[in-house]
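Heads up: the structure comes next, in structure tokens.
Protein chains in written order, with our numbering: chain A, 814 to 997; chain B, 814 to 997; chain C, 814 to 997; chain D, 814 to 997.
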């Protein structure tokens, strides 16, 4: 199984890109699957504008991301929380992806995680992020996990510095992959 | 009272920009308040990236929009529905606005409306759009209205071609403005 | 495969109980699975009160429902919309079910449908109803369907009197059962 | 101004009833308003059933609560979180209240708070609880507050044993009452 992981954030030091790294380590160390990380920043996906789509088509970055999603059998998406909800960045990416038919996200198993500097771990973003994926037919795993105080919790060694949390994340990733394998 | 109205959509023929027009006509015709429409397209607001903010600051378009919001006493926002939720465009605009302190949206009375080509009138977008505004302290009016089949319903004369719907929108706009005047 | 279907409504002439009937016909006519309908009304599930639970335990009706859910391999739940959200009846039933461990709803594939006398077909209830099921680990199917003007649309012959809608419901039920069979 | 406060929980030792007590102390100590607490448990509100309503009418407990809401100028509602959402108890109470016209909750200013034994303070319940109130036209205050680990945080002296949290709750209650006074 090939998994694609990406973060709903663009900046270089994104906590959610780092969480993708923690997850990738878990997948590799336990030989659970192949896993590839894709950084949205160099894809240069613009703000959606129907007139741009009509005149110059779907941007190359959107097409590249859709291609990678199509080639993967499962997704692990790490999302920040901006203003108590899904970041505009992530929603805008979903909006563009939905314009390429067949929609790459349709029917794809996906796990949602969040990293946040706050105490609540991005829980409001996780729940709001489910809806557009559900609408597009993505097979979201019911369980999710938000990593709070992520600037302190995620280590440079790509682990969580709380043994219980790390064990729980490992358990969740394993459960999810077992589940996803039933669906592909 | 000065009202600012804008749409969460960029394209020239946006149904939601047209709905802003219908609302503006109602406000003017009934001498309810001053009302100004601002088009987000020429503001060129980029996708949020913390590194851009750190290196070059808040984009000029965001600052202009924040200034207009600050100068208004009330807002009327018309939002499309993309993939069953708030459009990335609108959420991205909110995310940028939240970076300019004091936050222009905080404490501001606002009415949410939606126009959609579908039968449900953007109801899922309306409900998801409330959350980030609530988080920022915007005083959202409880009642909302979604205009379905908006490509047929909105006329070039800036009315809704369904007398009952038009009357209901007029009633809602009047109720909202009466309410907003209590809060300023 | 054995499917259990129930409605989040108690009254005898419930539109959602009738929608369970439409779905049961589809399942039977196409030999898709076994299907059993359970009426929540005679189960007499009281409003949740932790003191009742502590003194007299989980009510018999909750235990009977949990037993039926456990014995089924998949669920089809039809929910009304009350005040723009999940009915208290359905949420209260879920709350009681969550007290019996292991939780019968955990890991169970489920399809959510709604019937409503209004034009929007219970869409706000469908989306709010997902969250408690997701929290309990129910494997909700991403696609849902709301039947609007259900008092006119559902016939005494247990069909929808709109051929396109009936065909779409049949397609959805078939797709869901194909999916659920992968998960059991 | 007369404020009514109640909790979406029935059991005697409810953390949310205790949070109503903390809030009542703040209101009284600072002479902000009159405040009355109403316990939902003795009101004996049954699970909503349209057939019961048709045969025996709105239960007396619902009528009593509606009367108290009507007589108050503002509400402070403390809600638990059950299964990541609004408790069935609270939603069922709202559903019954919506059957008595004019709806007592319509236009009424209200503040939502939550107490929870968990770390997240009931944040998912707070956000889900807004929707039915919004639908009924309740004027919900945008800011909310969830008290996590409430079994440890709420003291028998009706305070929060975290000075910063207590100060923040006092500030929120004061801000809310100032706001509500503008609306009545």
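Beta carbons: idealized from backbone N, C-alpha and C, even for Gly. All figures in this text were calculated on a predicted structure; none of them were measured in a lab.
Contacts that residue 995 (chain A) makes with chain C (C-beta to C-beta distance below 8 Å): 995, 996
Under the three-state DSSP convention, the category residue 898 (chain B) falls into: strand
Inter-residue Cα distance where the pair is residue 832 (chain D) and residue 906 (chain D): 19 Å
Sequence-distant residues of the same chain with beta carbon closer than 8 Å to residue 837 (chain B), five excluded per side: 818, 848, 850, 971
Local conformation of residue 972 (chain C) per DSSP, three classes: coil
Those residues which DSSP pairs with residue 960 (chain C) across a bridge: C:928
Chain-order list of residues whose beta-carbon lies under 6 Å from that of residue 951 (chain D) (same chain, five-residue window excluded): 918, 921, 923
In DSSP terms, what residue 891 (chain A) is bridged to: A:820, A:926
Interface positions of the stretch 919-946 of chain B facing chain C (Cβ-Cβ less than 7 Å), listed along the chain: 933, 936, 937, 940
Neighbour-count burial assignment, residue 992 (chain C), 16 or more Cβ in a 10 Å radius: buried
Through-space distance from residue 845 (chain C) to residue 901 (chain D), alpha-carbon basis: 33 Å
Sufficient close CB pairs (3 or more, under 8 Å) joining the stretch 924-944 of chain B to the stretch 970-987 of chain A: no
Proximal chain D residues relative to residue 950 (chain B), where beta-carbon distance stays under 7 Å: 955, 956
Where the beta strand (DSSP E) containing residue 848 (chain C) begins and where it ends: 847-850
Cβ neighbour criterion (16 or more within 10 Å) applied to residue 964 (chain C): exposed
Where the alpha helix (DSSP H) containing residue 831 (chain A) begins and where it ends: 828-842
Buried versus exposed call for residue 829 (chain A) [16 or more other C-beta atoms within 10 Å across all chains shown]: buried
First and last residue of the uninterrupted alpha helix (DSSP H) at residue 919 (chain C): It is not in any alpha helix (DSSP H) - residue 919 (chain C) carries neither H nor E in the DSSP assignment.
Contact set for residue 881 (chain A): own chain, Cβ-Cβ below 6 Å, skip 5 residues either direction: 817, 851
Proximity of residue 874 (chain D) and residue 856 (chain D) at Cβ, strictly below 9 Å: yes
Beta bridge counterpart(s) of residue 953 (chain A) as assigned by DSSP: A:923
Candidates C:913, C:898, C:896: closest to residue 878 (chain C) by CA position: C:913
Where the alpha helix (DSSP H) through residue 825 (chain A) begins and ends: From DSSP, residue 825 (chain A) is part of no alpha helix (DSSP H); its letter is neither H nor E.
Rounded C-alpha distance that separates residue 860 (chain D) from residue 969 (chain B): 50 Å
Enclosing alpha helix (DSSP H) for residue 939 (chain C) [first to last residue]: 936-948
Reference residue 823 (chain A), options B:866, B:949, B:996, B:839, closest by Cα: B:866
Per-residue DSSP class, three states only, for residue 871 (chain C): coil
Alpha-carbon spacing of residue 890 (chain C) relative to residue 942 (chain C), whole angstroms: 10 Å
9 Å Cβ cutoff met for residue 986 (chain B) and residue 886 (chain B): no
Where residue 990 (chain D) sits in the DSSP three-state scheme: helix
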